[in-house]
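Written out below as structure tokens is the structure these notes cover.
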Amino acid sequence: MFTTLMRHLGIPVEGTWPSLWRQADGWLFVDITGLTRNPVGRLAAPQVFAMAEARTGRVFEALLDDPRLTKGSGLPWPLLRRFATVLAHTRAPVELVRALRDPKRAREQVFGLVRQIRKELAADQPASARDRLVAAQRALTDVAVPRIARIPPRMLPILVLSRLLPRIAAATDEEVQVVLRGIPHNVTTEMDLELWDIAQLARRDPDTARLFATSTAAELAERCRDRTLPACIQSGLDAFLERNGHRAVAEIDVGVPRWAEDPTHVVGLVANYLRADGHAADEQYRRGVAEAERMADRIVARLRRRNPLRARIARFAIDRVRQLAGLRELPKYGMVLAIAAARRHLQAVGRELVATGRLARVEDVFFLDYTELAEVVTGADHRDLVARRREVHERELRRRHVPRVLLSDGTEPEAALDVPAAEGTLVGTSASAGTASGVARVVHDPVGARLSPGEILVAPSTDPGWTPLFLTAGGLVMEMGGPNSHGATVARECGIPAVVGVPDATNRIADGRRITVNGSAGTVELT
């Protein structure tokens, strides 16, 4: 899949791509040795890491002084040529100009690509196990990847302008974070608010509200699947799952059940929203939009007094960022559509193999690669291999700590970093401006989690399956991520303070302890 994506971006991969990957106890790592030795990589990688994964960025910068990773000599022409090839192949400069000139058209094109993915996946309905295996691979390599590869060039204005906005607008990072609140056209934020609206439908019907208050999430999920929930909410959940049923917590793992299969998490979120009496997440989102507009007006007015031309440029940049930044979620959204389709095909293969006695469980298909599955379809017995891999998988699920950076000798360089901080203060990276104090709710798995309004969500990391919890959270603390990571982005759009990249936060912050999140300073105070 990744090699296919790179080819569609114009990147030659033959003979080089496999060397990027390393495995350790089933965990997949990317070998970044080449970046540390390339002059351009040494300059660019810390900037990229700082925005997406701040802790990794700090480790990377420290590694640049390691004598074992000395900078290579000579000019970085091969890397620059490859970069130029990508720009030419994707027509990125042309698409950048077009998106800046007509952001509405760029949005329509990107959403159109996602609709094409959904339509083509729905039309592919093979019958035999062999054909389903082919369809599972095709969902990713032939349907999703070619279209997803066309999205990044149209997102270039977001990447460029978001980075330059503080300079263009002569604004502080905190002011820019406020400007980025309530970004429209974000499929994940729209999904969260849609689920909130469904909960409000249930709230207005006393019998439905009572049912959700007195039933377990498992009981509600069973009724949702059987379509026996009260009509006032069943139709809303049906429509929600039609649009978002391909999603899940940890959704890029094809082995994870989708919400359409198991809506336990979805109905549990509705129940959690119903307990949030007096809290209005939709109004909070609208306040974020209004705050962003006021801050934009303030920045532009301040500039206009000194430099009218620069004020017009700043207004243009802010407008384009707000119109296009919501597209960030769409590449992954489209890929997850394909992953869900591949999962359906593989489950059908698994059912056939279980019926013929060649596998013990349908889920065993997710412990074999495509080549091994094809061998089982033609008669091979890989049940012992499945058992060994399942054992490793279950063991690794219990692992509480996974190094984000690992050297080839097995050492973890982050352990040697010393980040100075005052006593009782944890230091991370500012992700969403503002300050919030509240009770910490440490969550390792969002399924079944209860988060009361104003509580501070403390998590290892988040993906779209977590973000509905943001609507009741007073703030966010994450162990992973950077200012442009998924959790940080959604926190800004929901208008809640956030600090990311806080080492070992889920262990250092006790569940139920009162803390103060300073999203402007990037600190968490243990009060």
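Residue numbering for the sequence shown follows numbering that gives the first Met the number 0, beginning at 0 and increasing consecutively.
Note that the Cβ used here is the ideal one computed from N, Cα and C, for glycine as well.
Rounded C-alpha distance that separates residue i from residue j
i, j, result
"VAL142", "GLU119", "7 Å"
"LEU326", "LEU79", "27 Å"
"GLY480", "ARG388", "29 Å"
"ASP196", "THR370", "45 Å"
"ALA105", "ARG153", "6 Å"
"THR188", "GLU292", "18 Å"
"ASP380", "GLN108", "46 Å"
"GLU422", "VAL523", "11 Å"
"ARG90", "VAL320", "20 Å"
"SER451", "ALA270", "11 Å"
"THR461", "ARG149", "26 Å"
"ALA49", "VAL29", "17 Å"
"GLY287", "LYS103", "22 Å"
"PRO17", "LEU27", "With a pLDDT of 49 at PRO17, under the threshold of 50, the predicted position of this residue should be treated as unreliable, though the coordinate-derived value follows. The alpha-carbon atoms of PRO17 and LEU27 are separated by roughly 12 Å."
"ARG265", "ARG209", "This sequence places Val at residue 265; Arg is not what is there. Each residue's Cα considered, the two are about 17 Å apart."
"LEU556", "ARG222", "An answer regarding residue 556 cannot be provided, because it is not within the stretch 0 to 526 covered by the chain."
"THR505", "PRO445", "14 Å"
"THR434", "CYS493", "14 Å"
"GLU328", "VAL178", "19 Å"
"LEU468", "VAL335", "20 Å"
"GLY56", "HIS443", "24 Å"
"LEU164", "ALA43", "18 Å"
"VAL96", "GLN136", "34 Å"
"VAL364", "ARG382", "10 Å"
"THR140", "LYS331", "14 Å"
"ARG129", "GLY333", "25 Å"
"LEU158", "ARG305", "27 Å"
"LEU228", "ASN243", "19 Å"
"GLY464", "ALA497", "18 Å"
"LEU405", "GLU411", "5 Å"
"ARG513", "GLU454", "9 Å"
"ASP318", "ARG297", "14 Å"
"VAL375", "ARG357", "7 Å"
"ARG203", "HIS278", "15 Å"
"PRO402", "VAL385", "26 Å"
"GLU173", "ALA316", "17 Å"
"ALA430", "ALA439", "18 Å"
"GLY40", "LEU62", "13 Å"
"ARG36", "ARG21", "18 Å"
Residue i burial status per 10 Å Cβ neighbour count (16 or more: buried)
i, result
"THR15", "Confidence is the limiting factor: at THR15 the pLDDT is only 49, short of 50, which leaves the residue's position unreliable, though a coordinate-based value still follows. By the neighbour-count rule (16 or more Cβ atoms within 10 Å), THR15 is not buried but exposed."
"ARG180", "buried"
"GLN176", "buried"
"GLN533", "Because the chain in this structure spans residues 0 to 526, residue 533 falls outside the shown range and cannot be described."
"ILE251", "exposed"
"VAL441", "buried"
"ALA509", "exposed"
"LEU308", "exposed"
"VAL348", "buried"
"PRO482", "buried"
"LEU160", "buried"
"HIS400", "exposed"
"VAL93", "exposed"
"THR207", "buried"
"ARG54", "buried"
"VAL391", "exposed"
"ASP191", "buried"
"LEU470", "buried"
"GLN346", "buried"
"GLY254", "exposed"
Integer-rounded CB distance, given that residue j should sit under 8 Å from residue i
i, j, result
"ALA247", "TRP258", "6 Å"
"VAL489", "THR515", "Between THR515 and VAL489 the Cβ distance is about 21 Å, and since that is not below 8 Å, they are no contact."
"ALA487", "VAL499", "5 Å"
"ALA138", "LEU302", "That pair is no contact at about 48 Å."
"LEU456", "LEU475", "5 Å"
"PRO156", "LEU99", "5 Å"
"GLY427", "GLY521", "5 Å"
"GLY267", "GLY409", "About 40 Å separates the two Cβ atoms, so there is no contact after all."
In DSSP terms, what residue i is bridged to
i, result
"THR522", "VAL426 and ASN517"
"GLN22", "LEU27"
is_contact[residue i, chain C] using C-beta, thresh 8 Å
i, result
"ILE455", "This model lacks chain C altogether; it includes just one protein chain."
What ranges does the beta strand (DSSP E) occupy inside the segment 389-416, keeping only unbroken runs of at least 3 residues that lie completely in it?
Segments of the beta strand (DSSP E) lying fully in the segment 389-416: there are none.
At which residue ranges does the segment 306-388 contain complete alpha helix (DSSP H) runs of 4 or more residues, listed in the order of the chain?
Within the segment 306-388, the complete alpha helix (DSSP H) runs of at least 4 residues fall at 307-323, 329-354 and 369-376.
Within the segment 266-311, note down every full alpha helix (DSSP H) run reaching 4 residues or more, in order along the chain.
Taking only runs of at least 4 residues, the alpha helix (DSSP H) segments lying wholly in the segment 266-311 are 280-305.
What runs of the beta strand (DSSP E), each 3 residues or longer, lie entirely inside the segment 417-501?
Secondary structure remark: continuous beta strand (DSSP E) runs of at least 3 residues inside the segment 417-501, in chain order: 424-426, 428-431, 434-441, 455-458, 474-477 and 497-499.
Which residue spans inside the segment 67-134 form an unbroken alpha helix (DSSP H) run of at least 4?
With a minimum length of 4 residues, the unbroken runs of alpha helix (DSSP H) contained wholly in the segment 67-134 fall at 76-89, 91-100 and 102-122.
Length-filtered (4 minimum) alpha helix (DSSP H) runs lying within the segment 154-221:
Residue ranges of uninterrupted alpha helix (DSSP H) with 4 or more members, entirely inside the segment 154-221 and ordered along the chain, are 172-178, 186-202 and 205-213.
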